[in-house]
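Below is one structure, written out as structure tokens; comments come after it.
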Amino acid sequence: MGLPVCRKANIVASHDLRIHMEKRHRREWATINGDEIQKEKQRELERQDNLAEAIRLLAEREAPRSSGNNQNRGKNNG
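The sequence shown begins at 100 in our numbering and counts up by one.
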């Protein structure tokens with residue numbers, strides 16, 4: 100990303116690091132956080148696409164069974 104490196108050495112917890120970044124390095128934090136948010140949105144879109152594809156495949160697999168059952172029902176009721 101080409102961001103400068105902070106030399107602060109006494110940050111031990113991830114929470115402290117996040118607070119330090121939010122307060123002392125606002126622009127850099129916005130760049131890092133924005134990139135993470137964008138990656139998360141992309142992962143969510145991919146997950147939704149995968150789920151939709153799985154549902155489509157299940158529907159295709161079940162379609163012949165369902166249509167065959169409907170045809171039989173019509174003949175038995177007539």
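Here a beta-carbon is modelled for each residue, glycine too, at the ideal position from N, C-alpha and C. If you're wondering where the values come from, they're calculated on a predicted model, not measured in any experiment.
Three-state secondary structure (DSSP) of G133: helix
When you compare the CB positions of E127 and L144, do they come within less than 8 Å of one another, or not? no
Select from Q141, I131 and E135 the residue whose C-alpha is nearest the C-alpha of V104. I131
In the structure shown, what three-state DSSP assignment does H119 receive? helix
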